[in-house]
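Before any comments, here is the structure.
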Amino acid sequence: MNKRMAGTEGERQAAEYLEARSFRILERNFRCTQGEIDIIGVHEGYLVFVEVKYRSSDGKGSAAQAVNMKKQRRICRTADYYRYVNGLTEDTGVRYDVVAIQGKEIRWIQNAFSHIYASRSR
533 MNKRMAGTEG
543 ERQAAEYLEA
553 RSFRILERNF
563 RCTQGEIDII
573 GVHEGYLVFV
583 EVKYRSSDGK
593 GSAAQAVNMK
603 KQRRICRTAD
613 YYRYVNGLTE
623 DTGVRYDVVA
633 IQGKEIRWIQ
643 NAFSHIYASR
653 SR
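Per the working numbering, residue 533 is the first one in the sequence shown, and the count goes up by one each step.
Encoded structure:
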C-alpha cells in the first residue's frame, strides 16, 4: 500500500471512529489555497477541525507528534477561511482535534491545540 492509499484508509478509519462517538461529519478533505483539513464536523456544540495522522509503526515517531506548529498554523488559516466562506462568526465555538492512528491503535485527541492567529505582516 502506498502512502496516499494508507492516508486515505486512515482518514476512512478516523471518520468511522468519530461517527461512532456522536461526531457529525460536515466535510471531508476540505481544500483551499490556505491548505487542507481532513475532517470538519460538529461535536458537543463545537465546530471541530480534525487532522488525521497515520503511522504504520513508530519508526518515524508518533502520529500525534507529526502535527507540528507549522501544520497547526496551516490548519488554523484554513479553518479561518472555512468559517469565512460559510458565514460563521468568531463567536462560533471552535475546536482543533487530532486523530492519531499508530498501527491498529486509534487515539482521538480532543482540543489538541489552540487557535493560532495569522500575523498581519508577511
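Ideal placement from N, C-alpha and C gives every residue a C-beta, glycine not left out.
>> Once DSSP output is grouped into helix, strand and coil, what is the label at Arg654?
In response: Here Arg654 scores only 45 on pLDDT, less than 50, and its place in the model should not be relied on; the value that follows carries that caveat. Arg654 falls in the coil class under three-state DSSP.
> Does the ligand ATP have even one heavy atom less than 8 Å from the beta-carbon of Asn643?
Replying inline: Only the bare structure without any ligand can be found here, which leaves the ligand ATP out of the picture.
>> Taking the beta carbon of Asp629 as the centre, do at least 16 other beta carbons fall within 10 Å, making it buried, or is it exposed?
In response: buried
>> On the DSSP letters alone, give me the boundaries of the alpha helix (DSSP H) that Lys585 sits inside.
In response: Element bounds for Lys585: not the alpha helix (DSSP H) but the beta strand (DSSP E), 578–587.
>> Tell me which residue opens and which closes the alpha helix (DSSP H) that Arg609 is part of.
In response: 601–617
> By Cβ distance, which residues of its chain are closer than 7 Å to Gly625, with the 5 residues on each side in sequence left out?
Replying inline: Gly577, Tyr578, Leu579
> Where DSSP assigns a beta bridge to Tyr649, which residues make up the other side?
Replying inline: In the DSSP output, where bridge partners are listed per residue, Tyr649 has none listed.
> Gln598 lies in the beta strand (DSSP E); which residues open and close that run?
Replying inline: Checking the displayed sequence, the identity of residue 598 turns out to be Ala instead of Gln. Run containing Ala598: none; DSSP gives neither H nor E here.
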